[in-house]
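To keep things clear, I will list the structure first and then write my remarks on it.
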Amino acid sequence: MRAAAWLAFGLFSADVTCAQMVARGRHAMVVTREAHATDAALAVLQAGGNAVDAAVAAGFVLAVTHPAAGNLGGGGFLLVRFHDNRAAFLDFRERAPLAASRNMYLDAEGTPTRESLTGWRAAAVPGTVRGLELAHRKWGTRPWAELLAPAIRLASHGFLVSYALARSLRQAKVLGEFPESRRIFQRDGRFYEPGDRLVQPELARTLERLARHGARDFYEGETARRLAAAMQAHGGLITLEDLRRYEALERPPLRGSYKGWEILTAPPPSSGGVGLLQMLAMLETTGYEKAGAGSAAVVHFLTEVMRRYYADRSRWLGDPDFARIPVQELLDPVYVAARRRTIDPERATPSESLGPGELPTAESSETTHYSIVDAQGNAVAVTYTLNGSYGCGVTVPGLGFLLNNEMDDFAVKPGAPNYYGLIQGEANAIAPGKRPLSSMTPTIVLRNGRLAMVLGSPGGPRIITTVLQVFLNLVDFNLDLWTAVLRPRFHHQWKPDAIVVEPGFSPDTLALLRAKGHRIEEARSIGEVAAIAADEGWWVGVADPRAEGKASGF
Ligand code: DON
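Throughout, this note's numbering is defined as the position within the sequence shown, counted from one, plus 661.
Structure below.
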């Protein structure tokens, strides 16, 4: 079946059929944003590798076939839950270079410049290669080089550019600003057409060195030396010392529950897990869902819950290695109940009149997600990113990979909105070696101790509300996974004070929301979910039709 309706939104790639976006498997399932990555990960599982092996293979393939977000030059989070109930979270978020400083992106008048978004100075120290290697070293079962082989093959022999990739490369103005990016990804202006072959020999050589020497090459070897030299030549901040010092960290996953569902999710420096759990806690026991999925009453209540969390996020969240993040206080039932009591079921609370909560004992675009379940029942959820689409736009000459612009996830100027319009505070100010606050929310859900869901999404701050809505669609509104992902989504982040809605809400609903005092803005799309759910002895995988992903299982 071709999802012709999606063409109307310009969201749907003509060379992808709906059939590859939903899959059922008895044993194992992979859902990623891009078909080659799904196929490579599934092949690893079929050859006896586990979900971590498959996640490593997918991570490297996406760096080749989905250059807007797949990466070597970015960072992210990996959440794993093993069949014996052990769970772990790897933080391979980028870090600010040692030469970074609090006001580095402000001009003489104190106004934020574009430097946190575009060009060499926007890049933070990449974490992906260390993160994938750490995952492999701890839990992998297949040889490292074998897991890099599909990515190397796709980089050196090339792959056929899809309709959506051709359009995305053509539209990426930032790539045109940097000669190496323009040469590789835009053929110096002779843009790729769907069906053309994209070959990336420099990236293939970099991947080959990683296959041979491991992550050391990236952080201490030839790749590190060439990256640091290019940084120096172009006024960037990342040095050999920054690269050598970069560490991926294992942190305990954040745990919570909702109506008997057990949730494992991302701890700080992600704001996603805390947000998901706080919003769920504010909803539980209210019976808000009785008004019915998509009703104005439900959208209103969820909006008010979102507004309250994002106000808290603006003040309290940041890198836990630099300040104590009051996670327990933010999830404290007494605090959450007090915040809940400020919700008026009839009227929108103006964000201007609502600040972050005073905690009981408080002290002072483009990303991608993939979900994997293997035949043993191990589950892996990975969200990783360059931040903006194609990151800061810079491809390191000779190395073939793009660098992130994750420095913009810091509060470049505390109190002033960032690229995503987010207001952020002192806890997320720039400091050398610090990790910028993230919204990435890889999440695993259990029911009666058994794996029930694996999910996540890109979308900057909209990630957290996307994961929340897909989860609620399944749990509170009894929708199947495909419908839960398909349904139009909305988002509120405290400031700007507006509900952002996808096409598909009824005009009646929107009118009722306006009557309650909400301002409504339209968005083309919100999030791109890659989700797996257990269904009567089967795994159902769904790749969001808002993108051109693929679900595949056996
Ligand atoms: O970590 C974060 O929250 C952002 N850097 C994620 C960026 C993102 O999801 C862009 N995708 N559309």
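Every residue, glycine too, gets a C-beta built ideally from N, C-alpha and C. Since this is a predicted model, take the numbers as computed values, not measurements.
Return the first residue and the last residue of the beta strand (DSSP E) that Glu923 is part of. In the sequence shown, counting from the first residue as 1, residue 923 sits at position 262. Residues Trp922 to Thr926.
Mark Gln832 as exposed unless 16 or more other C-beta atoms lie within 10 angstroms of its C-beta, in which case mark it buried. Residue mapping note: residue 832 aligns to position 171 of the sequence shown, counting from 1. Classification for Gln832: exposed.
CB of Asp1035 within 8 Å of CB of Ala748, strictly: To locate residue 1035, count along the sequence shown from 1; it is residue 374. To locate residue 748, count along the sequence shown from 1; it is residue 87. Going by C-beta atoms, Asp1035 is not nearer than 8 Å to Ala748.
Three-way DSSP call (helix, strand, coil) for Glu776 in this model: Taking the sequence shown and counting its residues from 1, the one referred to as residue 776 is at position 115. Here Glu776 sits in helix by DSSP.
Just to confirm the assignment: which complete alpha helix (DSSP H) runs, minimum length 4, are found wholly within the stretch 844 to 883? 862 to 874 and 877 to 880
Ranges of the beta strand (DSSP E) found wholly within the stretch 1041 to 1072, counting only runs of at least 3: none
Of the listed residues Arg848, Ala1204, Leu808 and Pro773, nearest to Gly875 (C-alpha basis): Locating residue 875 in the sequence shown gives position 214, counting from the first residue. The shortest Cα separation from Gly875 among Arg848, Ala1204, Leu808 and Pro773 belongs to Leu808.
Where Asn1089 and Lys1095 are concerned, what is the direct C-alpha to C-alpha distance, given to the nearest angstrom? Numbered from its first residue, the sequence shown carries residue 1089 at position 428. Numbered from its first residue, the sequence shown carries residue 1095 at position 434. Going by the C-alpha atoms only, they are around 9 Å apart.
Per DSSP, which one or two residues make a beta bridge with Tyr1031? Within the sequence shown, numbered from 1, the residue matching residue 1031 stands at position 370. Tyr1031 pairs with Val1043.
Are the Cβ atoms of Val997 and Met943 separated by less than 8 Å? Here residue 997 refers to the residue found at position 336 of the sequence shown. Here residue 943 refers to the residue found at position 282 of the sequence shown. Their beta carbons are under 8 Å apart, which means Val997 touches Met943 by this criterion.
4 or more residues per run - each alpha helix (DSSP H) lying fully within the stretch 923 to 972: 933 to 944
Outcome for His1153 when other beta-carbon atoms lying within 10 angstroms are tallied against a minimum of 16: Position 492 of the sequence shown, counted from the start, is the residue given in the question as residue 1153. Result: buried.
Over the uninterrupted alpha helix (DSSP H) stretch that includes Thr726, give me the two end residues. In the sequence shown, the residue the question calls residue 726 occupies position 65. First-last of the alpha helix (DSSP H) with Thr726: Ala712 to Thr726.
Spatial neighbours of Leu864 in its chain, beta-carbon cut-off 7 Å, leaving aside the 5 residues before and after: Counting from one through the sequence shown, the residue named residue 864 turns up at place 203. Closer than 7 Å at the Cβ level, and outside the excluded window around Leu864, lie Val725, Ala816, Gly1061 and Phe1062.
What residue does the alpha helix (DSSP H) around Arg1108 start on, and which one ends it? Locating residue 1108 in the sequence shown gives position 447, counting from the first residue. Counting along the chain, Arg1108 falls outside any alpha helix (DSSP H), though it belongs to the beta strand (DSSP E) covering Thr1104 to Arg1108.
Using a threshold of 7 Å, is the CB atom of Ser777 nearer than that to any non-hydrogen atom of the ligand DON? Mapped onto the sequence shown, residue 777 falls at position 116. Ser777: no, Cβ never under 7 Å from the ligand DON.
Under 7 Å from any heavy atom of the ligand DON, does the C-beta of Glu1027 make it? Taking the sequence shown and counting its residues from 1, one reaches residue 1027 at position 366. Result yes, Cβ under 7 Å from the ligand DON.
Helix, strand or coil: how does DSSP classify Ala889 here? Working through the sequence shown from its first residue, we reach residue 889 at position 228. Three-state DSSP puts Ala889 in a helix.
If I measure Cβ to Cβ from Met690 and keep anything under 6 Å in the same chain, skipping five residues before and after, which residues do I get? On the sequence shown, position 29 is the one that residue 690 refers to. Contacts found: Val1034, Ile1193, Trp1200, Gly1202 and Gly1214.
Secondary structure of Phe1215, DSSP reduced to three states: The residue given as residue 1215 occupies position 554 in the sequence shown. DSSP places Phe1215 in coil when its eight states are reduced to three.
Is it a yes or a no for the stretch 896 to 912 touching the stretch 780 to 794, going by three-plus beta-carbon pairs under 8 Å? yes
For the ligand DON, any of its heavy atoms closer than 7 Å to the Cβ of Pro1119? Here residue 1119 corresponds to residue number 458 of the sequence shown, with the count starting at 1. It does: the Cβ of Pro1119 is within 7 Å (strictly closer) of some heavy atom of the ligand DON.
Which residue wins for smallest C-alpha separation from Phe962, given the options Tyr971, Ser975, Ala972 and Gly948? Taking the sequence shown and counting its residues from 1, the one referred to as residue 962 is at position 301. Nearest option by C-alpha distance: Gly948.
What residue range does the alpha helix (DSSP H) around Ala796 cover? Working through the sequence shown from its first residue, we reach residue 796 at position 135. Its alpha helix (DSSP H) spans residues Thr789 to Trp800.
May I ask you to report which of helix, strand or coil DSSP gives Ala1088? The residue you call residue 1088 lines up with position 427 of the sequence shown. Helix at Ala1088.
Residue interval of the beta strand (DSSP E) (run including Gly736): Start at 1 with the first residue of the sequence shown, and residue 736 comes out as number 75. Gly736 -> beta strand (DSSP E) spans Gly736 to Arg742.
In chain order, what residues of the same chain have a beta carbon less than 7 Å from the beta carbon of Ala1023, not counting five sequence neighbours either side? Along the sequence shown, one-based indexing puts residue 1023 at 362. A caution first: Ala1023 carries a pLDDT of 41, below 50, which makes its placement in the model unreliable, though a value can still be read off. Contacts found: Pro987 and Glu990.
Given this structure, state the Cα-to-Cα distance separating Arg886 from Ile1084, to the nearest angstrom. Against the sequence shown, residue 886 aligns to sequence position 225. Against the sequence shown, residue 1084 aligns to sequence position 423. Taking the straight line from one Cα to the other gives about 36 Å.
Beta-carbon gap between Arg916 and Lys1177 smaller than 8 Å: The count along the sequence shown starts at 1 and reaches residue 916 at position 255. The count along the sequence shown starts at 1 and reaches residue 1177 at position 516. Contact: no.
Would you say Ser1099 touches the ligand DON, meaning its beta carbon is less than 7 Å from a heavy atom? Counted from its first residue, the sequence shown places residue 1099 at position 438. True, at least one ligand heavy atom lies under 7 Å from that Cβ.
Rounded C-beta distance between Gly1120 and Gly1188? I'm assuming under 8 Å. Numbered from 1 along the sequence shown, position 459 holds the residue referred to as residue 1120. Numbered from 1 along the sequence shown, position 527 holds the residue referred to as residue 1188. That belief holds up - the Cβ atoms of Gly1120 and Gly1188 are roughly 4 Å apart, short of 8 Å.
Start-to-end residues for the alpha helix (DSSP H) that takes in Tyr996: Taking the sequence shown and counting its residues from 1, one reaches residue 996 at position 335. Pro994 to Arg1002 is the extent of the alpha helix (DSSP H) around Tyr996.
May I have the straight-line CA-CA distance separating Val1131 from Ala984, to the nearest angstrom? Sequence index remark: in the sequence shown, residue 1131 carries index 470 (1-based). Sequence index remark: in the sequence shown, residue 984 carries index 323 (1-based). Distance between the alpha carbons of Val1131 and Ala984 is about 32 Å.
If I measure Cβ to Cβ from Leu1147 and keep anything under 7 Å in the same chain, skipping five residues before and after, which residues do I get? As a position in the sequence shown, residue 1147 is number 486, starting the count at 1. Contacts found: Pro1206.
C-alpha distance - Gly771 paired with Glu1067, whole-angstrom precision: Reading the sequence shown from its first residue, position 110 is the one you call residue 771. Reading the sequence shown from its first residue, position 406 is the one you call residue 1067. Gly771 and Glu1067: Cα-Cα distance of roughly 20 Å.
Residue span of the beta strand (DSSP E) that contains Thr693, given as start and end: Along the sequence shown, one-based indexing puts residue 693 at 32. Segment Met690 to Thr693, the beta strand (DSSP E) holding Thr693.
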